[in-house]
Each structure stands twice: as C-alpha cells, then as structure tokens.
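Trainee:
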Amino acid sequence: PSGNTCCPTGTAGVSSCITQPAHEHNGTSVCCTDDTGCGPGYKCGVTKGVFPACLLMDQNDTAIIKPPTLERYKLCSLPQEAFTTIHTIRVGGSHYLPYYST
Numbered sequence: 010p011s012g013n014t015c016c017p018t019g020t021a022g023v024s025s026c027i028t029q030p031a032h033e034h035n036g037t038s039v040c041c042t043d044d045t046g047c048g049p050g051y052k053c054g055v056t057k058g059v060f061p062a063c064l065l066m067d068q069n070d071t072a073i074i075k076p077p078t079l080e081r082y083k084l085c086s087l088p089q090e091a092f093t094t095i096h097t098i099r100v101g102g103s104h105y106l107p108y109y110s111t
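Heads up: the sequence shown at position 47 corresponds to 56 in our numbering, and the numbers run straight through without jumps.
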C-alpha cells in the first residue's frame, strides 16, 4: 500500500507491511533482519547489548518528542483466506455492512 514499508518474511514470496502513520512525514519505516521492523525516524538496533529494539536516529530533533527506544514491530503473515472472507455487521434493523477483517 502507498506510503507503507513492506518487508520480506521468513516465507518465500510473502511480505508484511508496516503502516505509515498519517502524522509522520519524516522518513519511512525500516525492515530489520529478524522478521521485525521499526517505524519512521528509528533504526534497528539493540539495547543493553542484547535486546532487539528500535533506536531513535536523531535525538536532537525537537519538532516532535519521541522516546529514544521502542519495541520492534513483529511482522506476520496471514493465510490467503484472511483476505477473501467477507464478514458483515448489522447496521440498523435489517441492513448489513460487508467488510474484510485481517
């Protein structure tokens, strides 16, 4: 999808995407090497030498206050059926709204 960063997963030919927050205009997300990723403004790294984390790249940027470290996004793969099953929710007495749910 537009503006998102898609990363390869451990499954050949399958990727997983990190959404780009609407308010984030500085940079894109990044893929790490262990089926994880980091959001815009962060890079893949470790804390205390062993814990995988997302590390803030520019700690001097005061435009938006961000924490210096965040947990990494865990990338996942969904089965094909997740994108082909249509669910419905009742809206008002006898009307139904279809939607896909992943």
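Backbone N, C-alpha and C define an ideal beta-carbon position, used for all residues, glycine too.
Would you mind stating whether GLY48 and CYS16 have Cβ atoms separated by less than 8 Å?
Mentor: In this structure, CYS16 does not lie closer than 8 Å to GLY48 by Cβ.
Trainee: Do LEU87 and PRO77 have their C-beta atoms closer together than 8 Å?
Mentor: The answer is no: Cβ separation not under 8 Å.
Trainee: Measuring alpha carbon to alpha carbon, tell me which residue in GLY102, THR94, GLY101 is nearest TYR108.
Mentor: Minimum Cα distance to TYR108 is reached at THR94.
Trainee: Tell me the DSSP bridge mates of ARG99?
Mentor: TYR105.
Trainee: Who are PRO76's beta bridge partners in DSSP?
Mentor: PRO76 is not bridged to any residue.
Trainee: By how many angstroms is the C-alpha of GLN29 removed from the C-alpha of GLY12?
Mentor: The straight-line gap from Cα to Cα measures roughly 6 Å.
Trainee: Under the DSSP definition of a beta bridge, which residues are partnered with ARG52?
Mentor: For the record, residue 52 in the displayed sequence is Lys; it is not Arg. LEU64, per the DSSP bridge assignment.
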